[in-house]
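The working numbering numbers the first residue of the sequence shown as 326 and each following residue consecutively. A virtual CB, placed ideally from N, CA and C, is assigned to each residue, including glycine. No experiment lies behind these values; they were computed from the predicted model shown.
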Amino acid sequence: FLSARVKEGLRARLATTSILTGGLKVELVEIDDAPPAEMEPMGEKGARIPTAESDIADVSATAEGVFQRINNLPVEEVMNQAIALLGNINALITSEGVRNAPENLNGLLADARGVITSDDVKALPGQLSGAIEQLETLIDGFNSQELAARLGKALDDAAEAAKSVNSAVEGVPDLVARIEGVAANIEEVAIDKMADQVTELLTTVDSYLNQQSTRRLPASLNGALTELSAVLNQLREAGVVETAKNTLNSASNAADAVAGASADLPRLIDQARIVLGQAGTTIEGYQANTGLGRDARDALREVQRAAQAVTSLARAIERNPNSLLTGK
326 FLSARVKEGL
336 RARLATTSIL
346 TGGLKVELVE
356 IDDAPPAEME
366 PMGEKGARIP
376 TAESDIADVS
386 ATAEGVFQRI
396 NNLPVEEVMN
406 QAIALLGNIN
416 ALITSEGVRN
426 APENLNGLLA
436 DARGVITSDD
446 VKALPGQLSG
456 AIEQLETLID
466 GFNSQELAAR
476 LGKALDDAAE
486 AAKSVNSAVE
496 GVPDLVARIE
506 GVAANIEEVA
516 IDKMADQVTE
526 LLTTVDSYLN
536 QQSTRRLPAS
546 LNGALTELSA
556 VLNQLREAGV
566 VETAKNTLNS
576 ASNAADAVAG
586 ASADLPRLID
596 QARIVLGQAG
606 TTIEGYQANT
616 GLGRDARDAL
626 REVQRAAQAV
636 TSLARAIERN
646 PNSLLTGK
């Protein structure tokens, strides 16, 4: 085994054991690129292993180097820094703030303990529970009373009311147009055609007054329109127009009908004037210059014109009843 290792480069050499004692030792090492060599048998004494250059350190040089490195250490600087550090630590420990720290900490703990154990803090859980219960009660009441649905319905009703008012305002011009038509044709159109127009006008007034949107208008204006409708109904029920139509078929019946109608016309016309006066007073306090008030005012003016035309017709019939037959 050793012979094979020697061939691979195993060599024996002297090496320093300690730089202080100067002792030596023999060590076996493998030398790279060692010259070829073999073990030399020595008979009974064994064999000799080839040697290599000794690795003996110079004790004096080594010791001198060690001491030089020691001298190069910043021992004094380290000592000064250590002394300064100890001084700072001493100053910190002996400072008034550090001395008062335990007392301040005890005071802080006492204050914290006082806050935690105070009645107000102890009552917080109960107050929080009560607030949560009230909130739950409020939510349950909100759900049970269906406030959300009712609020939505109220908004829908408000929107519908606005639409109804708009519809009511839109219906006024149509009513005014029909009244203007009757007033314009009352002296020119034939009696039977005028009767149809008056009937259509009464139907329009009745349907307008029966609308839900018209019912929501101010009560005074609705009352005025209702009285106007009543006057027109009285004119129709009095048989003025129907009687005038019958005069075309019978002269004697026409004379009697004209006499009866002539007796009722002044009273009905006076009632119409009173109603128009009341409506005019109502319109004056209802912003008559804008919106619905302006339209209603124009409608009343047209009704007044129609009433004046009816008055003129009644007076003409009173002066000359035969004009219904002759057309003059």
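Per the DSSP calculation, residue i is bridged to which residue(s)?
| i | result |
| --- | --- |
| residue 338 | 352 |
| residue 304 | Here the chain covers residues 326 to 653 and nothing more, so residue 304 does not appear. |
| residue 380 | 340 |
Starting from the Cα of residue i, find the closest Cα among the options and give me that residue.
| i | options | result |
| --- | --- | --- |
| residue 348 | 340, 354, 355 | 340 |
| residue 356 | 421, 415, 378 | 378 |
| residue 361 | 437, 335, 370, 391 | 335 |
In angstroms with no decimal places, state the Cα-to-Cα distance between residue i and residue j.
| i | j | result |
| --- | --- | --- |
| residue 454 | residue 411 | 57 angstroms |
| residue 373 | residue 358 | 20 angstroms |
| residue 545 | residue 469 | Note that residue 545 scores 47 on pLDDT, short of 50, meaning its location in the model is unreliable; the coordinates nonetheless yield the value given after this. Using only the alpha carbons, I get a separation of about 40 angstroms. |
| residue 435 | residue 419 | 25 angstroms |
| residue 380 | residue 417 | 56 angstroms |
| residue 350 | residue 404 | 41 angstroms |
| residue 657 | residue 408 | Since the first and last residues shown for the chain are 326 and 653, residue 657 lies out of range. |
| residue 415 | residue 457 | 57 angstroms |
| residue 425 | residue 406 | 28 angstroms |
| residue 388 | residue 402 | 24 angstroms |
| residue 392 | residue 431 | 55 angstroms |
| residue 440 | residue 433 | 11 angstroms |
| residue 427 | residue 421 | 11 angstroms |
| residue 464 | residue 449 | 22 angstroms |
| residue 459 | residue 429 | 43 angstroms |
| residue 446 | residue 462 | 25 angstroms |
| residue 413 | residue 451 | 53 angstroms |
| residue 371 | residue 390 | 42 angstroms |
| residue 395 | residue 369 | 52 angstroms |
| residue 333 | residue 343 | 30 angstroms |
| residue 438 | residue 397 | 59 angstroms |
If residue i and residue j are in contact, beta carbons under 8 angstroms, what's the gap, nearest whole angstrom?
| i | j | result |
| --- | --- | --- |
| residue 331 | residue 399 | The Cβ separation is near 51 angstroms, so there is no contact. |
| residue 353 | residue 329 | The Cβ separation is near 14 angstroms, so there is no contact. |
| residue 367 | residue 327 | Not quite, the Cβ-Cβ distance comes to about 13 angstroms (not below 8 angstroms), so this is no contact. |
Flag residue i as yes when its Cβ comes closer than 8 angstroms to any non-hydrogen atom of the ligand MN, and as no otherwise.
| i | result |
| --- | --- |
| residue 362 | Absence of the ligand MN is noted for the structure shown, with no ligands found whatsoever. |
What ranges does the beta strand (DSSP E) occupy inside the segment 423-459, keeping only unbroken runs of at least 3 residues that lie completely in it?
none
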